[in-house]
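S.K.: Residue numbers (my numbering), protein chains in the order written: chain A, 2 to 270; chain B, 2 to 270.
Submitted below is the structure of interest, expressed as structure tokens.
Protein chains: 2
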Amino acid sequence: MTHVIVLGNEKGGSGKSTAAMHVVVALLKSGRKVAAIDLDMRQRSLSRYVENRRKYCESKGIDLVFPLMPEVRPSSLDSREAARQEETENFAAALQSLAGCDFVVIDCPGADTHLSRLAHAHADTIVTPLNDSFVDFDLLARLDPATGAVAGPSLYSEMVWAARKRRALAGVPGGIDWVVMRNRLSATQARNKREMGKKLEDLSARIGFRLARGFGDRVIYRELFPMGLTLLDLGGPDAPVRLSTMSHVTARLEIRSLVATLKLPGRET
Amino acid sequence: MTHVIVLGNEKGGSGKSTAAMHVVVALLKSGRKVAAIDLDMRQRSLSRYVENRRKYCESKGIDLVFPLMPEVRPSSLDSREAARQEETENFAAALQSLAGCDFVVIDCPGADTHLSRLAHAHADTIVTPLNDSFVDFDLLARLDPATGAVAGPSLYSEMVWAARKRRALAGVPGGIDWVVMRNRLSATQARNKREMGKKLEDLSARIGFRLARGFGDRVIYRELFPMGLTLLDLGGPDAPVRLSTMSHVTARLEIRSLVATLKLPGRET
Ligand SMILES: Nc1ncnc2c1ncn2[C@@H]1O[C@H](COP(=O)(O)OP(=O)(O)OP(=O)(O)O)[C@@H](O)[C@H]1O
Ligand SMILES: Nc1ncnc2c1ncn2[C@@H]1O[C@H](COP(=O)(O)OP(=O)(O)OP(=O)(O)O)[C@@H](O)[C@H]1O
Ligand SMILES: [Mg+2]
Ligand SMILES: [Mg+2]
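The following block contains the structure:
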């Protein structure tokens, strides 16, 4: 039974591709069969990350874990209606080819596209990374400018609710587990962190998501992108970056804690 | 002679809307006639920022500077060809209505849209904010995974070059001044900052942009979004946030330095 994990957040730069790569590698290292689908076919950050990983392995003559990565092409037909049909078929075909996998991790673009909506509708788990910022928060819910009170759900919450409704109407059993993970948390900025924390706790009950502790803003989550590596690949004698800082240790705990929070099926991940 | 400033970067979350709001308020406060166009008609971060500002002013009974803000609607026609035509007309009409302004600041979405390309082609200045991250860098240029050397321009550089070419072919005098500004610079992460700095200096000569020092990662750049305020609006006795930290002082210098770097026309801005 393939479990679909979607990294979704219409807000750009919230950390979807970064979280996707680290979840993929964490699950692969726990011995699971993992596939990844990059739906951001223009920027292709996740595909580029894995491409860099391939080239690095080739040039160093080493072996690393890799996900299966089928392509889902966006349609270039002129009629948007016809394009949506073609993309629905491409997406379904890709998912079917992955029926033997334990997990399929789908990275969505920071935009409202038809493929992104399809992914959300097929998700068993949606992971939504979020900068600790009211600019990012604005895509989950509106705040009253005078009182700061939560004034109602916003665009991206509505997208997740539409996916939940679609799944229910299609008669698929079980709801979508929606996990919001705070990302790029600052070591300082205490008041803003507290404010965001309060608003997110308030919102989680109202619009139905679980709140994951998330990741700090750590250079180790991004400095290895050009080599296609993650923190989880380091530790060997010829690692390009010395795993010696508090930040690295804490980052490992953050990744493990995120996977545990996702309560994924199968043996303890 | 209206000077068009475009905030462009296809990479999501690089800081376009944040930079747009602060440039708009800085220019308004220097006494210029400023208009703003939000081309991210789905997320509307800049429009929301100004909406919050309006509501805040109304609820507190105060006066703040505001840009003119005409709407440019994306087309909902089914044929992409026809949609592009409609958007080209809407965009041209909006720009014409702003002929009396000193500056038009255009905030682009973190995606490759027809409206975004139109804005780039009409720009006198393009400001490209960039996270200090090789994941963001990847949209400007590719790096060789084995050697780290710059391997060639990437998607967003190609978009700016296409805009420059289009402007030249249209016979518009003067080139586009392209300024890349580092954003969300960390107070720590010294090695990564140095690496990014070197690669950007190298690239600036190759692909023709000027490098602005940019903004640090400071909570003051985002915590005022719900009230529609910026650091530049604070300082009065009833300011909601006390302007007392080193970070605030440095942020003011960063904003002033950015505007100076843009070398905009007219009296000293
Ligand atoms: N925890 C983190 N620590 C440090 N940097 C991070 C972290 N998470 C993300 N980043 C950086 O923030 C930027 C945005 O992250 P990322 O590209 O993963 O977001 P995204 O949601 O996939 O963006 P898009 O909407 O463009 O697809 C990148 O430069 C990335 O390297
Ligand atoms: N200098 C800064 N200091 C602190 N936070 C910042 C800074 N610049 C941007 N941010 C935050 O980073 C996130 C992304 O910024 P912003 O929304 O301005 O980027 P964008 O390029 O407009 O994104 P999109 O592609 O989604 O339109 C927001 O949460 C914003 O508050
Ligand atoms: Mg991404
Ligand atoms: Mg924006």
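For each residue, glycine too, the CB sits at the ideal point set by N, CA and C.
No experiment lies behind these values; they were computed from the predicted model shown.
Three-state secondary structure (DSSP) at A:T270?
M.R.: Here residue 270 of chain A refers to the residue found at position 269 when the first sequence is read from its first residue. With a pLDDT of 49 at A:T270, under the threshold of 50, the predicted position of this residue should be treated as unreliable, and no value is reported.
S.K.: Relative to ligand 2, is the shortest distance from any of its heavy atoms to the C-beta of B:S117 smaller than 7 angstroms?
M.R.: Translated into positions along the second sequence, residue 117 of chain B becomes position 116. No, the Cβ of B:S117 stays beyond 7 angstroms of every heavy atom of ligand 2.
S.K.: Using the three-state DSSP reduction, which class does B:H123 fall into: helix, strand or coil?
M.R.: If you number the second sequence from 1, residue 123 of chain B lands on position 122. Note: B:H123 maps to coil in three-state DSSP.
S.K.: Since B:M228 meets chain A, which of its residues come closer than 7 angstroms, beta carbon to beta carbon?
M.R.: Within the second sequence, numbered from 1, the residue matching residue 228 of chain B stands at position 227. The contacting residues are P146.
S.K.: Using a C-beta to C-beta distance shorter than 8 angstroms, which residues of chain A count as neighbours of B:L140?
M.R.: Taking the first residue of the second sequence as 1, we reach residue 140 of chain B at position 139. What B:L140 touches in chain A: Q44.
S.K.: Note down the Cα distance separating A:T270 from A:L29, rounded to an integer number of angstroms.
M.R.: Against the first sequence, residue 270 of chain A aligns to sequence position 269. Against the first sequence, residue 29 of chain A aligns to sequence position 28. Bear in mind that the predicted position of A:T270 carries a pLDDT of just 49, short of 50, making it unreliable; the figure below should be weighed with that in mind. Each residue's Cα considered, the two are about 10 angstroms apart.
S.K.: Please name the residues in the region 32 to 57 of chain A whose beta-carbon is closer than 7 angstroms to at least one beta-carbon of chain B, in chain order.
M.R.: Cβ contacts with chain B: R43, Q44, S46, R49, N53, K56 and Y57.
S.K.: Less than 8 angstroms separating the beta-carbons of A:A142 and B:K56?
M.R.: Taking the first sequence and counting its residues from 1, the one referred to as residue 142 of chain A is at position 141. Taking the second sequence and counting its residues from 1, the one referred to as residue 56 of chain B is at position 55. No.
S.K.: Does ligand 2 have a heavy atom nearer than 7 angstroms to the CB of B:V24?
M.R.: Translated into the one-based positions of the second sequence, residue 24 of chain B becomes position 23. No; taking the cut-off as 7 angstroms, the Cβ of B:V24 has no heavy atom of ligand 2 nearer than that.
S.K.: Per DSSP, B:L8 forms a beta bridge with which residues?
M.R.: Numbered from 1 along the second sequence, position 7 holds the residue referred to as residue 8 of chain B. Its beta-bridge partners are B:D108 and B:V128.
S.K.: A:V220 versus chain B: which residues are under 7 angstroms apart at the beta carbon?
M.R.: Start at 1 with the first residue of the first sequence, and residue 220 of chain A comes out as number 219. Going along chain B in sequence order, the residues near A:V220 (Cβ under 7 angstroms) are Q190 and N193.
S.K.: If you measure from the CB of A:D108, is any heavy atom of ligand 3 nearer than 7 angstroms?
M.R.: By one-based count along the first sequence, residue 108 of chain A stands at place 107. Checking every heavy atom of ligand 3 against the Cβ of A:D108, one is found closer than 7 angstroms.
S.K.: Less than 6 angstroms between C-beta atoms, sequence neighbours within five positions excluded: which residues of the same chain meet that for A:T19?
M.R.: Taking the first residue of the first sequence as 1, we reach residue 19 of chain A at position 18. Excluding sequence neighbours, A:T19 sits near Y222.
S.K.: Buried or exposed: where does A:M160 fall if 16 or more other Cβ atoms within 10 Å of its Cβ makes it buried?
M.R.: Within the first sequence, residue 160 of chain A is the residue found at index 159, counting from 1. A:M160 should be labelled buried.
S.K.: At 3 residues or longer, and completely inside the region 197 to 229 of chain B: list those beta strand (DSSP E) runs for me, N to C.
M.R.: You should have 211 to 213.
S.K.: Indicate whether A:R185 and A:D218 have their beta-carbon atoms separated by less than 8 angstroms.
M.R.: Locating residue 185 of chain A in the first sequence gives position 184, counting from the first residue. Locating residue 218 of chain A in the first sequence gives position 217, counting from the first residue. Yes, they are a contact pair.
S.K.: Indicate the three-state DSSP secondary structure (helix, strand or coil) for A:I177 in the structure shown.
M.R.: Working through the first sequence from its first residue, we reach residue 177 of chain A at position 176. Coil at A:I177, not helix or strand.
S.K.: Taking C-beta pairs closer than 8 angstroms, name the residues in chain A that B:L156 reaches, listed in chain order.
M.R.: For the purposes of this step, residue 156 of chain B is taken as residue 155 along the second sequence, with counting starting at 1. Within chain A, the residues near B:L156 are R43 and Q44.
S.K.: Would A:T246 count as contacting chain B if we go by Cβ distances under 8 angstroms?
M.R.: What you label residue 246 of chain A is simply residue 245 of the first sequence in a count that begins at 1. Not closer than 8 angstroms to any Cβ of chain B, the Cβ of A:T246 fails to qualify, so no.
S.K.: Kindly indicate which residue of A:D133, A:H115 and A:K61 has the alpha-carbon position closest to the one of B:F226.
M.R.: Residue 226 of chain B sits at position 225 when you count from the first residue of the second sequence. The option with the nearest alpha carbon to B:F226 is A:D133.
S.K.: Would you call B:G215 buried or exposed, if buried means 16 or more other Cβ atoms sit within 10 Å of its Cβ?
M.R.: Numbered from its first residue, the second sequence carries residue 215 of chain B at position 214. Buried, because 16 or more other Cβ atoms sit within 10 Å of the Cβ of B:G215.
S.K.: Measure from the C-beta of B:V173 to each C-beta in chain A and report whether the shortest distance is under 8 angstroms.
M.R.: Position 172 of the second sequence, counted from the first residue, corresponds to residue 173 of chain B. So, not an interface residue.
S.K.: Find out if the Cβ-Cβ distance for the pair B:I38, B:P71 is shorter than 8 angstroms.
M.R.: Against the second sequence, residue 38 of chain B aligns to sequence position 37. Against the second sequence, residue 71 of chain B aligns to sequence position 70. For B:I38 and B:P71, yes; Cβs fall inside 8 angstroms.
S.K.: Under the criterion of a Cβ to heavy atom distance below 7 angstroms, does B:K17 qualify as lining ligand 4?
M.R.: As a working mapping, residue 17 of chain B is identified with position 16 in the second sequence. Yes, since a heavy atom of ligand 4 falls inside the 7 angstroms radius drawn around the Cβ of B:K17.
S.K.: Express the C-alpha separation of A:T251 and B:M247 in angstroms, rounding to a whole number.
M.R.: Numbered from 1 along the second sequence, position 246 holds the residue referred to as residue 247 of chain B. Numbered from 1 along the first sequence, position 250 holds the residue referred to as residue 251 of chain A. Approximately 28 angstroms between the Cα atoms of the pair.
S.K.: Taking Cβ-Cβ distances shorter than 7 angstroms, what residues in chain B pair up with A:D113?
M.R.: As a first step, residue 113 of chain A is located in the first sequence; it is residue number 112 there, counting from the start. Chain B residues near A:D113: R43.
S.K.: Closer than 8 angstroms, CB to CB, is A:G9 near chain B or not?
M.R.: Locating residue 9 of chain A in the first sequence gives position 8, counting from the first residue. Not one chain B Cβ lies under 8 angstroms of A:G9.
S.K.: According to DSSP, is A:V248 part of a helix, a strand, or is it coil?
M.R.: Sequence index remark: in the first sequence, residue 248 of chain A carries index 247 (1-based). The question names Val, yet the displayed sequence has Ser at residue 248 of chain A. Helix, per DSSP.
S.K.: Excluding five sequence neighbours on each side, which residues of the same chain lie with their C-beta closer than 7 angstroms to the C-beta of A:G123?
M.R.: Residue 123 of chain A sits at position 122 when you count from the first residue of the first sequence. Correcting the residue type first, residue 123 of chain A is His in the shown sequence and not Gly. Excluding residues within five positions, the ones whose Cβ falls inside 7 angstroms are V5 and L96.
S.K.: Rounding to the nearest angstrom, what Cα-Cα distance links A:S77 and A:A84 in this structure?
M.R.: Position 76 of the first sequence, counting from 1, holds the residue named residue 77 of chain A. Position 83 of the first sequence, counting from 1, holds the residue named residue 84 of chain A. So the alpha carbons of these two residues sit roughly 7 angstroms apart.
S.K.: Can you find a C-beta in chain A that's less than 8 angstroms from the C-beta of B:G14?
M.R.: For the purposes of this step, residue 14 of chain B is taken as residue 13 along the second sequence, with counting starting at 1. Cβ-Cβ to chain A under 8 angstroms: yes for B:G14.
S.K.: So the beta strand (DSSP E) B:D144 belongs to, where does it begin and stop?
M.R.: Translated into positions along the second sequence, residue 144 of chain B becomes position 143. The residue you asked about is not Asp; residue 144 of chain B is Leu in the sequence shown. That run of the beta strand (DSSP E) goes A142 to L144.
S.K.: Across which residues does DSSP place B:D39 in a beta bridge pair?
M.R.: Taking the first residue of the second sequence as position 1, residue 39 of chain B is located at position 38. Note: B:D39 sits in a beta bridge opposite B:D108.
S.K.: Is there a Cβ from chain B that is less than 8 angstroms from the Cβ of A:T270?
M.R.: Here residue 270 of chain A corresponds to residue number 269 of the first sequence, with the count starting at 1. Summary for A:T270: the model assigns pLDDT 49, below 50, so the residue's position carries little reliability; its value from the coordinates is reported in the next sentence. A:T270 does not count as touching chain B.
S.K.: List, in order along the chain, the chain B residues whose C-beta lies closer than 7 angstroms to that of A:S134?
M.R.: The residue given as residue 134 of chain A occupies position 133 in the first sequence. Simply R223.
S.K.: Among B:F135, B:S31, B:V181 and B:R45, which has the Cα closest to the Cα of B:A1?
M.R.: Nothing in the structure corresponds to residue 1 of chain B, since chain B is present only between 2 and 270.
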